[in-house]
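The sequence shown: position 30 = 22 (the numbering used here), numbered continuously. Built from N, CA and C at the ideal position, the CB exists for glycine as well. See structure below.
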Amino acid sequence: MGARRKPADGSGDDVSLHELIDGPTEALSAETLAAAGMPDPGGRTRVELPRMPAAGALHRRALLGALPGLGGGRRGPGLPAVELATGGVTVDRAHLADYDRVCGFRLTDRLPATFPHVMGFPLALRLMTAPEFPIPLTGVVHVGNRITVRRPITADETLDFTTYAEDLRPHDRGRQVDVVLVGSVDGEEVWRGVSTYLGREHKPDGGERRDRSGHPEAPAATARWRVEPRIGTQYARVSGDHNPIHTSLLGARLFGFRRPIAHGMWSKARCLAALENRLPDAYTVEVAFKLPVPLPSTVSFALLPDGGFALHDSRGRPHLAGLVS
């Protein structure tokens, strides 16, 4: 069950997932960006990082940046014209097993569709914490995620990751942006994830008010799951996403939640675990995150016709709507 790790002296190209989450981090300097090379055809400058950043340090930097006088405030109007990349990312099999247990997957050498998102998450997080990124990380809302699996990926494969932002667009509550993360093996794209984030902004007219007079009737439940408070901290540990709205009562209340909420990507992973026996070797799975899942709570999972699935609360209100195609 061992995994290849980077030697203690810093030599070598392989980086394990535990090292990505726990290791040191550093800011991308103007000199690094200037020396990165020619822009790609999409107008972005490609920056090769020698190793993955550390998610925990980036979260701390984002939280400090939200404090008055320490770098907070409104961001720029555009997207960072940069594409970050790093290679030689290996899977720690013990860590994969922990992830499988937290999300409900079977313990196998095949990576769940959501696991490469975890592997490449520190790289995307580095992009999102850059001063040029248009939406501050603190207070950002993850509203959707689309994953395309080109073929099965196994735990003995080494992945290279690339990330960039695209399609910054207005929303009635602020602005939305897509963060693209691509996983490749030996130059072949095997996995692609697109996460849509909403940056809430105050508008003079208060934004368009949505009609909340009623929701479609919730579908019949295929299963019901009790989501305990420990899910927040357990998923943070295996994913590297330590946003305090998921792990701390105080942190959740600071951002307007009465109690901690489950990670959206945990909800998606838990649904895919319930569909595990039905998934083909290659597919796309897209979800829209609706109401947060408070911790603790009981949720109802429903399998729908034509590849659809949904997650609802005990009152029939939607937490998540998904589709496999």
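When secondary structure is reduced to three states using DSSP, Asn235 falls in the coil class, being assigned neither helix nor strand. Minimum Cα-Cα distance from Arg36 among the listed residues Met257, Thr150, Pro104 and Gly70 corresponds to Gly70. Cβ-Cβ distances below 6 Å link Ser231 to Val110 in the same chain, with the five nearest sequence neighbours on each side left out; the list follows chain order. The alpha helix (DSSP H) runs of length 4 or more contained entirely in the region 56 to 139 are, from start to end of the chain, 85 to 95 and 107 to 120.
According to the DSSP assignment, Ala280 belongs to the beta strand (DSSP E) that extends over Tyr275 to Phe281. With a threshold of 16 other beta carbon atoms within 10 Å, Leu88 meets it and is buried.
Distance from the CA atom of Gln168 to the CA atom of Glu193, rounded to whole angstroms, is 11 Å.
Cβ atoms of Arg218 and Thr290 come within 8 Å of each other, at about 5 Å.
Across the set Gly80, Pro123, Ile127 and Ala213, the C-alpha of Gly80 shows the shortest separation from the C-alpha of Asp148.
Pro144 and Val182 have their C-alpha atoms some 8 Å from each other.
A residue is called buried when at least 16 other Cβ atoms come within 10 angstroms of its Cβ; Asn269 does not meet this threshold and is exposed. Put simply, the backbone Cα of Ala302 is about 22 Å away from that of Asp170.
Per the Cβ contact rule, the region 208 to 216 is not in contact with the region 128 to 140 (fewer than 3 Cβ pairs under 8 Å).
Bounds of the beta strand (DSSP E) holding Arg167 are Gly166 to Val177. In the three-state scheme derived from DSSP, where H, G and I count as helix and E and B as strand, Asp298 is classed as helix. Rounded to whole angstroms, the gap between the alpha carbons of Thr106 and Ala294 is 19 Å. With respect to the C-alpha of Thr154, the residue from Leu283, Glu75 and Arg262 having the closest C-alpha is Glu75.
A straight-line Cα-Cα distance of about 44 Å links Arg43 and Ala213.
Partner residues in the beta bridge of Arg38, as assigned by DSSP, are Glu75. In the DSSP secondary-structure assignment, Pro286 is bridged to Ile253. Assignment of beta-bridge partners to Val141 by DSSP yields Trp183 and Tyr275. In the structure shown, Ser292 adopts extended strand secondary structure according to DSSP, grouped into three states.
In the DSSP assignment, the residues bridged to Pro162 are Arg167. Here DSSP, grouped into helix, strand and coil, assigns Thr214 to coil. Distances from the alpha-carbon of Gly96 to those of Ala265, Tyr227 and Val316 put Ala265 closest.
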